[in-house]
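Quick notes on the structure that follows.
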Amino acid sequence: MPAPIEEGSRSPGHHIELVDDNPSPRHDGENSPGLKNSKGWDGKLRVPPKSAVLANPEALSDPEYSDEDNVVEGEELAADEDLLDAEDPETEEIICTHSRIQSIPALRLERFQKVARICLRQNLIQDIEGFSGIAETLQDLDLYDNLISHIRGLDDLTNLSNLDLSFNKIKHIKHINHLKNLTDLFFVANKISKIEGLDGLEKLKNLELGSNRIRVLENLDVLPALEELWVAKNKITELTGLGGLSNLRLLSIQSNRIRDLSPLREIPQLEELYISHNALESFEGIESNTKLRVVEVSNNKITSLKGLGPLVELEELWASYNLISDFAEVERELADKKNLSTVYFEGNPLQLRAPALYRNKVRLALPQVQQIDASKFHLIAHSCAQLLISQQHMYERLRRRRAYAR
């Protein structure tokens with residue numbers, strides 16, 4: 001089961017300041033034994049302990065508190081303390097993560113004329129700049145988890161094939177439609193409310209927009225090569241706007257508000273569908289998607305498996321925590337699926353009613369299945385068989401020894 005995206009989270013920080021109540025030395029000799037000078041000082045320097053003061057006490061009482069917009073700035077990287085001084089000028093990859101970098105120009109990247117990949121994750125970068133000198137060779141740029149609010153500074157990077165701007169503060173997709181060689185584009189966990197600005201990206205195969213504020217699937221028909229679309233954890237209510245995606249084979253739209261699967265008929269070539277944590281009540285409308293291999297519908301309100309019959313290539317069905325209750329229907333809809341190897345029905349009435357019998361009943365209904373929920377019983381059976389063979393070998397050796405002793 002591939003993972004849906006989805007996709008990292010950052011933990012909110014509690015900024016602690018060390019406050020010195022009295023920075024000047026305290027010359028206290030009244031309670032000090034031993035020799036003292038004429039003023040009563042025994043020659044020992046005493047400094048009171050520093051106390052920790054929480055700079056954001058509201059974080060302790062407010063569970064919704066977030067200080068993402070008030071990040072404590074780190075010390076800006078200066079040229080005389082260059083993190084890349086020891087780097088080989090001939091290197092093709094630069095990785096500098098969690099280094100409190102604010103200024104990309106201070107890194108003087110133009111020194112590295114063969115660099116193809118740069119990863120500056122988890123820094124304090126606000127502006128995309130300083131890449132023009134390596135535009136001819138740079139193909140992969142990763143600025144995941146920084147403080148970027150606007151997409152700028154990419155004008156010369158026309159050879160980019162991979163761009164990751166996830167976990168930033170971007171509200172609008174702009175100034176990237178000239179990046180015609182892009183195949184992978186990541187905007188996970190930003191503040192994007194509209195899909196736009198993607199025209200011209202005719203080679204794009206993978207688009208990740210999970211954990212944003214998107215309500216409508218739109219403006220995607222300009223991506224003829226798109227194979228994977230990840231839009232989990234948004235506010236999408238309908239599966240519209242997918243008609244022009246003739247090469248789309250994977251759709252991840254978990255944790256949204258989808259009720260109807262019928263628009264999927266516009267993308268009959270779809271192979272993998274991840275649509276858990278929505279508002280589905282049935283599989284109605286999925287009949288046209290006969291090439292589906294993986295269907296993940298956990299945590300919905302589905303009561304019946306009706307509609308899965310035509311999905312003859314189905315390999316994995318993840319349907320935990322729904323309202324499925326009929327074992328006869330499980331057999332009727334799925335028994336003929338020769339490639340079906342994995343099913344998840346945990347948390348459904350058919351499992352909750354008789355947990356002790358549940359697996360055996362599924363096994364009888366679907367003998368071709370190798371994995372039920374998190375248990376791979378074929379591996380257990382294989383281990384038992386190996387143990388039996390080992391015991392037989394031991395018995396045979398013991399029998400021979402006894403015969404020899406006689």
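No gaps in the numbering here: position 352 of the sequence shown is 352 in the UniProt record's numbering, and each next residue is one more.
Glycine included, every Cβ here is placed at the ideal spot set by N, Cα and C.
Contact between residue 323 and residue 303 holds, with the beta-carbon distance rounding to 4 Å and staying under 8 Å.
Counting along the chain, residue 274 sits inside the beta strand (DSSP E) bounded by residues 272-274. Under the criterion of beta carbons closer than 8 Å, residue 173 and residue 187 qualify as touching, at roughly 7 Å. Looking at the backbone, the Cα of residue 335 and that of residue 242 are separated by about 31 Å. When only Cα atoms are considered, residue 306 and residue 326 end up about 11 Å apart. Annotation for residue 265: 288 place their beta carbon closer than 6 Å to its own, counting only its chain and skipping 5 residues before and after.
Per the coordinates, the alpha-carbon of residue 337 lies some 16 Å from the alpha-carbon of residue 286. At least 9 Å separates the beta-carbon of residue 147 from that of residue 120.
Restricting attention to 301, 340 and 101, the CA atom closest to the CA of residue 313 is found in 340. Taking all protein chains shown into account, residue 151 has 16 or more neighbouring C-beta atoms within 10 Å of its C-beta and is therefore buried. A Cβ-Cβ contact shorter than 9 Å links residue 198 with residue 177.
With respect to the C-alpha of residue 117, the residue from 244, 111 and 137 having the closest C-alpha is 137. The DSSP assignment places complete beta strand (DSSP E) segments of no fewer than 3 residues inside the region 136-184 at 140-142 and 162-164, in order along the chain. Per the C-alpha coordinates, the member of 318, 346, 353 and 367 positioned closest to residue 332 is 367.
Boundaries of the beta strand (DSSP E) around residue 294: 294-296. The C-alpha of residue 269 lies about 27 Å from the C-alpha of residue 164. When the alpha-carbon of residue 105 is set against those of 96, 94 and 129, the nearest one is in 129. Between residue 276 and residue 255, the C-beta spacing is below 9 Å. It is roughly 11 Å from the alpha-carbon of residue 362 to the alpha-carbon of residue 370. Taking 9 Å as the cut-off, the Cβ atoms of residue 190 and residue 166 count as close. With respect to the 9 Å criterion, residue 201 and residue 231 are not classified as neighbours on the basis of their beta carbons. Non-local C-beta neighbours of residue 267 in its own chain, meaning closer than 7 Å and more than five positions away in sequence, comprise 242, 245 and 248, ordered along the chain.
Excluding sequence positions up to five before and after residue 263, its CB lies within less than 8 Å of the CB of 238, 239, 240, 242 and 285, all in the same chain and listed in chain order. Assignment of residue 250 by DSSP, reduced to helix, strand and coil, places it in the strand class. Scanning 225, 113 and 213 for the CA closest to the CA of residue 184 turns up 225. Going by C-alpha positions, residue 142 is about 10 Å away from residue 97.
Counting every other CB atom within 10 Å of its CB across the protein chains shown gives residue 92 a total below 16, marking it as exposed. The C-alpha of residue 133 is placed about 12 Å away from the C-alpha of residue 107. In this structure, residue 229 lies away from residue 211, with their beta-carbon atoms at least 9 Å apart. Taking the Cα of residue 220 as reference, the smallest distance to any Cα among 179, 205, 144 and 169 is reached at 205. In this structure, residue 316 keeps its C-beta atom at 9 Å or more from the C-beta atom of residue 291. The shortest CA-to-CA distance from residue 348 to any of 300, 364, 360 and 374 is the one to 300. Per DSSP, the continuous beta strand (DSSP E) segment holding residue 343 begins and ends at 342-344.
Comparing alpha carbon positions, the residue from 330, 158, 157 and 126 closest to residue 144 is 126.
Using a Cβ distance threshold of 9 Å, residue 250 and residue 227 count as a contacting pair. By DSSP's assignment, residue 100 forms no beta bridge with any residue.
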